[in-house]
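Residue numbers (this note's numbering): 1300 to 1613.
In structure tokens, the structure reads:
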């Protein structure tokens, strides 16, 4: 005799209750784990038309972005010197979105070359927010924009009545003065017309426990970005460098086909392999910077060390 096991199917109410419990657990996890939160976001890049999503898994080729995110979380001031199109601005604005949604009363500032560029970051945050499942929007009420897309500001009201905001700001002589913020993103800081004035204005943010994230390509030797990169230990700036080949779709053949087509200065700015490439190349150099890099990576260890000393006669 064959005994058949009966399968007990869930009722619609049981399915709904189980899903509700799952959503509660997902929300709790998203509130405490920014990687989990961002894994539920995606948005279309208005410039490339590509859909951007966050994949921190080891097999996807983008796991290193999770390390960058950790750098942002763990340090008060992080300077990310980068090659182009590595998704670092997305990581920064995604982190800002998580902060304002999970910490009532938080204000994040996105400062860029001009208002248009700063608004791009705010609109990215909006698209990421819109893509979230409802239970991960943290039950906030959207105060701004009241309709359509944001221009320079997003405001959320939390259940406790506190208001969090994301604000776009251009680099101006007055940018940052009188502002109180939990997080400041300085996008393409090397090209800010008033970088030094802005830096002085935003430093008090850190003094009050806030964070500053600097995301930029290079712009030659002697600029404030290069100075901060060299003196990171003295100034409390955590510096990371992100070369062009971190992108999983880029290899030597890609570099020869795409990057090599650019003039040397543009290539060094957009696709550096080392910090020296970035700063020397964009400043202009009498010597072949690629050859200097090649030799620099192959310096032999000295067999002897000595120093000059004067004799008794001077």
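Backbone N, C-alpha and C fix where the C-beta goes; we use that ideal spot for every residue, glycine too. Model, not experiment: these values are computed from the prediction.
For a quick check, are the C-beta atoms of residue i and residue j less than 9 Å apart?
i: residue 1390; j: residue 1367; result: yes
i: residue 1410; j: residue 1502; result: no
i: residue 1553; j: residue 1569; result: no
i: residue 1401; j: residue 1336; result: yes
i: residue 1333; j: residue 1394; result: yes
i: residue 1467; j: residue 1506; result: no
i: residue 1481; j: residue 1445; result: no
i: residue 1412; j: residue 1491; result: yes
Once the 5 residues before and after residue i are set aside, which same chain residues still bring their CB inside 7 Å of it?
i: residue 1403; result: 1457, 1459, 1461, 1463
i: residue 1331; result: none
i: residue 1388; result: 1420, 1486, 1514
i: residue 1351; result: 1341, 1342, 1344, 1386, 1389
i: residue 1363; result: 1545
i: residue 1346; result: none
i: residue 1609; result: none
Let me check understanding here. Comparing Cα to Cα, which of the options lies closest to residue i?
i: residue 1472; options: 1482, 1603, 1598, 1497; result: 1497
i: residue 1470; options: 1540, 1351, 1494, 1321; result: 1494
i: residue 1326; options: 1417, 1549, 1397, 1358; result: 1397
i: residue 1573; options: 1559, 1599, 1545; result: 1545
i: residue 1252; options: 1512, 1321, 1608; result: Residue numbering for the chain in the displayed model covers 1300 to 1613; residue 1252 lies beyond these limits and cannot be assessed.
i: residue 1438; options: 1558, 1605, 1322; result: 1322
i: residue 1375; options: 1537, 1558, 1362, 1346; result: 1537
i: residue 1373; options: 1541, 1600, 1508; result: 1508
i: residue 1541; options: 1358, 1309, 1365; result: 1365
Excluding the five sequence neighbours on either side, which residues of its own chain have a C-beta within less than 6 Å of the C-beta of residue i, listed in chain order?
i: residue 1338; result: 1353
i: residue 1547; result: 1360
i: residue 1440; result: 1456
i: residue 1475; result: 1497, 1500, 1501
i: residue 1320; result: none
i: residue 1424; result: 1392, 1396, 1465
Would you kindly work out how many angstroms separate the C-alpha atoms of residue i and residue j, rounded to a whole number?
i: residue 1427; j: residue 1341; result: 6 Å
i: residue 1585; j: residue 1564; result: Caution is warranted here: a pLDDT of 49 is assigned to residue 1585, below 50, making its placement in the model unreliable, and the coordinate value is therefore given only provisionally. One C-alpha to the other measures close to 12 Å.
i: residue 1422; j: residue 1443; result: 12 Å
i: residue 1465; j: residue 1450; result: 11 Å
i: residue 1504; j: residue 1386; result: 25 Å
i: residue 1348; j: residue 1602; result: 55 Å
i: residue 1555; j: residue 1561; result: 10 Å
i: residue 1611; j: residue 1535; result: 45 Å
i: residue 1576; j: residue 1593; result: 11 Å
i: residue 1597; j: residue 1370; result: 29 Å
i: residue 1520; j: residue 1578; result: In this prediction, residue 1520 scores a pLDDT of 43, lower than 50, which makes its location untrustworthy; the coordinate-derived value is nonetheless stated afterwards. Straight-line Cα distance between these residues: approximately 5 Å.
i: residue 1550; j: residue 1436; result: 38 Å
i: residue 1454; j: residue 1329; result: 20 Å
i: residue 1407; j: residue 1414; result: 15 Å
i: residue 1448; j: residue 1405; result: 21 Å
i: residue 1317; j: residue 1307; result: 15 Å
i: residue 1557; j: residue 1571; result: 13 Å
i: residue 1314; j: residue 1356; result: 29 Å
i: residue 1312; j: residue 1324; result: 19 Å
i: residue 1606; j: residue 1567; result: 37 Å
i: residue 1525; j: residue 1517; result: Confidence in residue 1525 is poor, its pLDDT being 48 and thus under 50, which makes the residue's placement unreliable; the coordinate value appears in the next sentence. Between residue 1525 and residue 1517, the C-alpha separation is close to 8 Å.
i: residue 1559; j: residue 1595; result: 21 Å
i: residue 1477; j: residue 1452; result: 17 Å
i: residue 1309; j: residue 1358; result: 35 Å
If we cut at 9 Å on Cβ distances, does residue i have a partner in chain D?
i: residue 1409; result: Absent from the structure: chain D. Only one protein chain is present.
Within its chain, find whatever has a CB closer than 8 Å to the CB of residue i; leave out the 5 residues flanking it on each side and keep chain order.
i: residue 1600; result: none
Evaluate the contact criterion for the stretch 1427-1442 versus the stretch 1377-1386: three or more CB pairs, one atom per stretch, below 8 Å. The stretch 1427-1442 and the stretch 1377-1386 do not touch, with fewer than 3 CB-CB distances between them shorter than 8 Å.
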